[in-house]
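Read the structure below first, then the notes.
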Amino acid sequence: MKYSFLALMALIPMLFYAQRTVTGVVRDKDGGESLPYASVIVKGTTLGTTTNLDGFFTILNVPESATNLTVSYIGYLAKEIALEGLDLEKGITILLEADANQLDEVVVSSTKSKILSANTGISQASISTKQLGLLPSVGEVDIFRSLQLLPGVSGTNENSSGLFVRGGTPDQNLVLLDGMTVYKVDHFFGFFSAFNNSAIKDVQLYKGAFPAKYGGRTSSVVDLTGKTGSFEEFGGEAGVNFLSANAFFEIPISKKFSFLVAGRRSYTDILKSNVFNSISDNLIGNDNGVGGVNAANLQVNQVQPDFYFFDWNSKLSFRPNERDLFTLSTYNGQDFLDESRGFGRTIERELDGNILVDGDVLEKTDYGNIGVSLKWSRQWSPRVYTNFLAAGTEYFSEYDRRSRLEITAPETGETLLDFNGTTFEDNSVQDLKARFDLEWLLSNQHKISTGVSYTRTKVDYDNIRDETTVILERRQESGYYAAYVSDTWTPSDRFTLDIGLRATQYELTDELLFSPRVSLKYNVTDKVSLKAGYGIHYQFVNRVINDNITEGARDFWLLSDGQDVKVSNATHYIAGISYEDNGWLFDVEGYYKELENLSEFSLRFRRGVDFDANELFFTGDGVAKGVEFLAQKKQGDYTGWVSYTLGSIRNTFPGLNNGEEFPALHDQLHEFKMVHGYELGDWNFSASFVYGSGRPFSEPAGIYTVELLNGESLGFVDIGTKNGSRLPAYHRLDVSAHYKFDLSQKIKADIGASIFNLYNRNNIWYFEYDFNQTPVLVTAIEYLGITPNLSFNIKF
Amino acid sequence: MHLKKHIVSFLTISLLVSCESETTEQVSENFVVEAYISANETVDQIRIKETFGLDIPEDPNTPIADAQVVLSKDGEDFPLNFNEPTGTFVFEGDGLQVESGDIFGLSVTARDRTATATTSVPQTTQGLTINVNSIVVPEITATFGIQETIRDLFDNARFILNWDNPDNDNYFIVVERTFGSLPIFPADFPIPEETLALIQSFSTVSRPLTTDFYEIPAVSLDGYGNYTATVYRINQEYVDLFDSQNQDSRDLVEAPSNVDNALGIFTAIAGARVEFEVVRD
Chain W
25 MKYSFLALMA LIPMLFYAQR TVTGVVRDKD GGESLPYASV IVKGTTLGTT TNLDGFFTIL
85 NVPESATNLT VSYIGYLAKE IALEGLDLEK GITILLEADA NQLDEVVVSS TKSKILSANT
145 GISQASISTK QLGLLPSVGE VDIFRSLQLL PGVSGTNENS SGLFVRGGTP DQNLVLLDGM
205 TVYKVDHFFG FFSAFNNSAI KDVQLYKGAF PAKYGGRTSS VVDLTGKTGS FEEFGGEAGV
265 NFLSANAFFE IPISKKFSFL VAGRRSYTDI LKSNVFNSIS DNLIGNDNGV GGVNAANLQV
325 NQVQPDFYFF DWNSKLSFRP NERDLFTLST YNGQDFLDES RGFGRTIERE LDGNILVDGD
385 VLEKTDYGNI GVSLKWSRQW SPRVYTNFLA AGTEYFSEYD RRSRLEITAP ETGETLLDFN
445 GTTFEDNSVQ DLKARFDLEW LLSNQHKIST GVSYTRTKVD YDNIRDETTV ILERRQESGY
505 YAAYVSDTWT PSDRFTLDIG LRATQYELTD ELLFSPRVSL KYNVTDKVSL KAGYGIHYQF
565 VNRVINDNIT EGARDFWLLS DGQDVKVSNA THYIAGISYE DNGWLFDVEG YYKELENLSE
625 FSLRFRRGVD FDANELFFTG DGVAKGVEFL AQKKQGDYTG WVSYTLGSIR NTFPGLNNGE
685 EFPALHDQLH EFKMVHGYEL GDWNFSASFV YGSGRPFSEP AGIYTVELLN GESLGFVDIG
745 TKNGSRLPAY HRLDVSAHYK FDLSQKIKAD IGASIFNLYN RNNIWYFEYD FNQTPVLVTA
805 IEYLGITPNL SFNIKF
Chain F
19 MHLKKHIVSF LTISLLVSCE SETTEQVSEN FVVEAYISAN ETVDQIRIKE TFGLDIPEDP
79 NTPIADAQVV LSKDGEDFPL NFNEPTGTFV FEGDGLQVES GDIFGLSVTA RDRTATATTS
139 VPQTTQGLTI NVNSIVVPEI TATFGIQETI RDLFDNARFI LNWDNPDNDN YFIVVERTFG
199 SLPIFPADFP IPEETLALIQ SFSTVSRPLT TDFYEIPAVS LDGYGNYTAT VYRINQEYVD
259 LFDSQNQDSR DLVEAPSNVD NALGIFTAIA GARVEFEVVR D
């Protein structure tokens with residue numbers, strides 16, 4: 025008996041030896057770029073994993089009987105790798121090929137999703153930067169615009185590339201570029217996102233209940249991973265369209281060093297192209313300076329903006345061996361907008377004769393982000409991976425407006441009114457951050473992620489009127505420590521539970537906050553999955569909504585100080601079901617979010633000149649809820665998706681709207697989107713359609729006068745219910761066509777044509793009211809009308 | 019496959035249902051309360067009127083004649099009636115006295131909504147005096163040195179009102195001509211801009227003041243004749259309203275109102291009056 029037991033004990037290691045560890049890295053065949061979050065599955069089993077940030081993967085206990093790995097990545101052709109004959113101890117390198125290359129290799133079995141992968145985890149989606157150029161756009165290939173085509177992400181905000189995700193606002197969306205926090209993600213009034221698609225290799229969007237490694241935001245996360253650059257051969261891309269030009273180069277300095285640089289600049293300030301004129305004409309309405317009438321008897325004025333932007337990315341990479349990677353990454357994106365305009369009109373009055381109104385507004389806005397990050401990542405062993413990051417970013421926004429209005433009676437030459445006003449608003453946010461992350465693969469059932477970080481943030485804000493009236497001044501600085509641990513637990517083939525906890529010590533309010541995170545996925549069958557998620561999320565730097573009735577919102581960032589702006593938090597509850605086969609994905613997710621300590625800033629309740637700025641801040645709570653539907657055709661010549669979101673966001677602020685509930689500015693009951701793509705040989709055609717029901721806004725309900733004791737009358741505006749009116753519904757159809765051809769053996773070319781807003785829908789952005797004139801001058805600021813564009817890109 | 023069909027059908031129906039009217043949903047149901055009551059005077063300065071649209075250049079002053087307006091004091095209600103010629107609501111019965119220290123409530127029901135407000139009647143201005151009751155202003159003609167004469171008159175020929183105000187309460191002064199029509203400055207008299215600006219810097223209606231004096235340059239008045247100067251003690255709600263007259267179109271300020279569920283003001287005042295005259299040499 026004793027010997028039998030010993031024999032059994034001796035056999036146990038042999039059982040383990042009958043299994044193998046498969047480790048390796050997944051790279052782009054074209055340039056060797058590592059591919060993060062690629063799926064690696066042992067064929068014929070449920071064993072599998074995803075690659076980490078640097079493309080590494082490890083699968084433990086792979087049976088000897090397993091013969092192949094199936095590797096797939098969004099936008100790439102999936103590949104089967106035969107394990108036989110490979111040196112598994114050394115690690116394997118798997119090269120995937122972008123779907124668009126269309127080479128005739130027999131290893132191709134199928135593609136993963138071509139552009140969108142929406143069923144990786146609960147509320148998680150990724151898009152392929154390789155394929156984004158095929159989607160219609162106003163001129164630039166745009167990562168964030170593409171994300172706005174997903175369910176649960178609002179697609180009706182032309183003025184913001186920022187993401188409104190499930191009732192969250194863009195500031196509640198954490199945007200990371202190589203670990204750097206990016207505060208402003210817009211170019212060109214928000215028409216384009218501030219990221220050059222050529223320099224980005226991976227985009228992950230978490231719409232809710234995001235993993236414990238992410239913190240500091242209450243709504244969602246966009247994690248952008250920049251390209252490392254090739255270590256082997258020089259390559260690049262260049263492109264031009266009617267708005268801007270861009271270029272991207274990857275320069276191998278040696279076998280261990282690589283340098284990558286990418287840049288874009290619009291030339292609208294130099295050359296007024298047709299597309300630029302299209303934008304201007306749409307904003308102006310006609311040539312004589314006074315626009316048409318958009319509401320009964322209300323004269324509509326013009327705005328003719330002049331603008332340009334630029335951005336560039338660079339990355340210096342040092343790869344001393346296959347296990348280590350050092351990168352120094354920089355980013356700079358800036359916009360310069362000039363919305364100055366003049367106006368003049370004659371108003372006919374029956375009794376007093378005509379009056380002449382003359383004036384001008386000088387209005388300039390500069391904003392942007394600058395950032396740098398230094399990262400060292402190392403795959404210590406097949407089971408252990410670490411990542412150390414030091415990053416600094418600065419966001420700035422400078423707004424300067426000077427206005428002059430003179431009203432005269434031309435018959436007498438009498439000056440009836442001479443008004444001058446100035447507004448000066450500056451806001452900056454500076455972040456310094458150090459972070460350490462560790463991933464430890466305990467077994468195929470347990471993958472531990474843990475990390476610590478320290479972030480120091482400095483915020484300045486100045487809002488000054490008429491050079492003497494200080495509306496608000498803030499100088500803030502604070503740090504916060506964070507630590508997290510999570511376990512991705514796979515107790516059975518069908519069940520995955522990701523459970524984590526994040527703790528944050530915020531210095532300014534001296535609070536220690538705990539954020540539990542849970543997400544789970546249960547595969548009912550091979551094709552049907554149930555999903556659920558839960559999480560508590562805190563936010564310490566907030567973009568405060570500046571309620572501006574006459575000009576729309578002009579928001580600004582402030583740190584939570586526990587008084588004016590409190591530490592906001594959101595509790596997410598998510599549940600969903602999906603059906604996915606090789607060709608189709610049907611996905612339904614419902615969400616319910618409790619939002620606490622939302623902040624709003626409003627001058628509506630200012631009293632006199634000597635007001636207390638603290639009284640202009642309001643704190644409240646909200647509830648966002650909704651359900652999303654997605655039907656996606658993933659493969660074939662025809663691909664695309666249809667999505668619908670039914671949602672609502674209701675806020676309650678004791679100090680606003682008489683304490684009654686009101687819809688948030690971005691509340692939208694219905695949103696419907698369609699994205700279609702069709703490949704025909706070297707041609708690619710695509711179309712996208714977006715419909716969103718009208719958004720709320722605070723509309724002046726009327727005017728009234730109050731007669732004083734002496735008979736003199738004072739005029740006032742009845743501001744009406746907060747967000748009590750709705751803009752007309754928004755809808756838009758964009759189309760594009762691309763033709764690919766080879767300029768030479770090494771140079772591939774793509775010529776494309778796109779039409780934005782094909783049927784020229786006049787979608788209204790907001791109304792601007794000028795109460796210095798009677799009748800009141802109302803300016804309807806519209807979004808872009810029909811805007812065709814051509815693009816030409818080469819890759820070598 | 020059935021699942022796919024159901025989802026596609028649902029999305030199609032949702033799209034159809036979601037089509038909306040492309041108009042904004044603006045409805046202005048608010049009305050304006052403009053109600054003043056004065057200590058020891060009859061109640062005849064209460065107006066209820068409509069707001070007006072942004073596209074209308076001037077206030078049409080449309081009264082809401084069918085509003086139900088009730089004043090209340092010490093638990094007793096005093097319903098007011100609409101007086102068409104003046105467009106105001108008045109109390110036509112007996113027994114309504116407005117006295118310093120009273121607290122009045124106002125209830126206005128119109129357009130299916132009821133607005134309410136309260137105000138207290140302040141104490142009457144105490145210790146009101148004037149330095150002189152008569153000032154002589156010579157005839158103004160275009161002669162050599164007249165500009166210096168005007169400047170001298172502006173600086174020195176002044177009525178000065180004084181009253182007790184140890185607590186820096188709010189006061190409001192109204193100067194009205196009760197007799198006379200002769201102007202001080204002939205219609206074609208060329209007044210230099212600088213002098214004109216000085217003269218016009220005075221207003222016959224003051225801003226709310228927390229001082230205990232008010233100066234009235236004789237040459238700034240409308241003309242020769244008899245005048246009354248009334249110094250009203252006013253409540254904070256009136257000061258707030260007055261201060262808010264400079265609404266900034268860049269960031270509209272909610273006009274202050276002590277009326278719940280409507281716009282405007284309900285306030286009480288209590289004044290004392292003095293008389294004086296400007297005579298021609």
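For the record, the sequence lines run as chains W and F. Residue numbers 25 to 820, in our numbering, belong to the letters of the first sequence in order. Residue numbers 19 to 299, in our numbering, belong to the letters of the second sequence in order. Don't be surprised by glycine CBs; every beta carbon is placed ideally from N, CA and C.
- Cα atoms of W:S282 and W:G55: separation of roughly 11 Å, rounded to the nearest angstrom.
- Close CB contacts of W:L521 within its chain, under the 6 Å cut and outside five residues either way in sequence, are with W513 and L544 (chain order).
- Contacts with chain F at 8 Å (Cβ-Cβ) include W:Y728.
- Secondary-structure assignment with DSSP links W:Y391 through a beta bridge to W:D359 and W:S421.
- Within the region 186-197 of chain F, the residues whose Cβ lies closer than 7 Å to any Cβ of chain W are, in chain order, F190 and V192.
- Boundaries for W:T745: no beta strand (DSSP E) harbours it, and the DSSP string shows neither H nor E there.
- Each of F:R291, F:A273 and F:G243 was checked against the Cα of F:I283, and the nearest Cα belongs to F:A273.
- Nearest to W:V245 by C-alpha distance, out of W:I167, W:D111, W:Q148 and W:D293, is W:Q148.
- Chain W places no beta carbon closer than 8 Å to that of F:G105, leaving this residue out of the contacts.
- For the pair F:R131 and F:N48, the Cα-to-Cα distance works out to about 9 Å.
- Within the same chain, and ignoring the five residues on either side of W:E731 in sequence, the residues whose Cβ sits closer than 6 Å to its Cβ are S737.
- For W:R489, the enclosing beta strand (DSSP E) starts and ends at H470 to R489.
- With a threshold of 8 Å between beta carbons, F:E102 makes no contact with chain W.
- At the C-beta level, W:S667 and W:N621 stay beyond 8 Å of one another.
- At least one C-beta of chain W is nearer than 8 Å to the C-beta of F:E52.
- If you look at F:D170, you'll find it in the alpha helix (DSSP H) that goes I164 to N174.
- Apart from the 5 residues on each side of it in sequence, W:G445 sits with its Cβ closer than 7 Å to the Cβ of S427 and D490 in its chain, given in chain order.
- A direct Cα-to-Cα measurement between W:N708 and W:A506 gives close to 46 Å.
- In the three-state reduction of the DSSP assignment, W:D123 falls in the helix class.
- Listed along chain F, no residue sits closer than 8 Å to W:V177 by beta-carbon distance, the nearest being about 17 Å off.
- Contact between the region 50-66 of chain F and the region 695-712 of chain W is not established, with fewer than three Cβ pairs separated by less than 8 Å.
- At a Cβ-Cβ threshold of 8 Å, F:R195 and F:G119 do not count as neighbours.
- Contact annotation for F:G71 against chain W: G726 and I727 [CB-CB distance below 8 Å, chain order].
- Per DSSP, the unbroken alpha helix (DSSP H) holding F:L259 starts and ends at Q254 to D261.
- Note on geometry: alpha-carbon atoms of W:E261 and W:Y291 lie some 19 Å from one another.
- By the neighbour-count criterion, in which a residue is buried when 16 or more other Cβ atoms sit within 10 angstroms of its Cβ, F:I121 is exposed.
- Membership of W:I167 in any beta strand (DSSP E) is not indicated; the residue belongs instead to the alpha helix (DSSP H) covering I167 to L171.
- Just so you know, the alpha carbons of F:L281 and W:F721 end up roughly 21 Å apart.
- Of all residues in the region 579-595 of chain W, none has a C-beta nearer than 8 Å to a C-beta of chain F.
- The C-beta of W:R241 has 16 or more other C-beta atoms within 10 Å across all chains shown, which makes the residue buried.
- Listed along the chain, the chain W residues whose CB falls inside 7 Å of the CB of F:A175 amount to none; the nearest CB is some 23 Å away.
- Interface annotation, W:F765: not in contact with chain F, CB-CB separation never under 8 Å.
- The residue from W:F80, W:I779 and W:L349 with its alpha-carbon nearest to that of W:L119 is W:F80.
- The shortest CA-to-CA distance from W:F234 to any of W:K208, W:V199 and W:A286 is the one to W:V199.
- CA-to-CA, the gap between W:Y715 and W:S815 works out to about 26 Å.
- Secondary structure of W:T512 (DSSP, three-state): strand.
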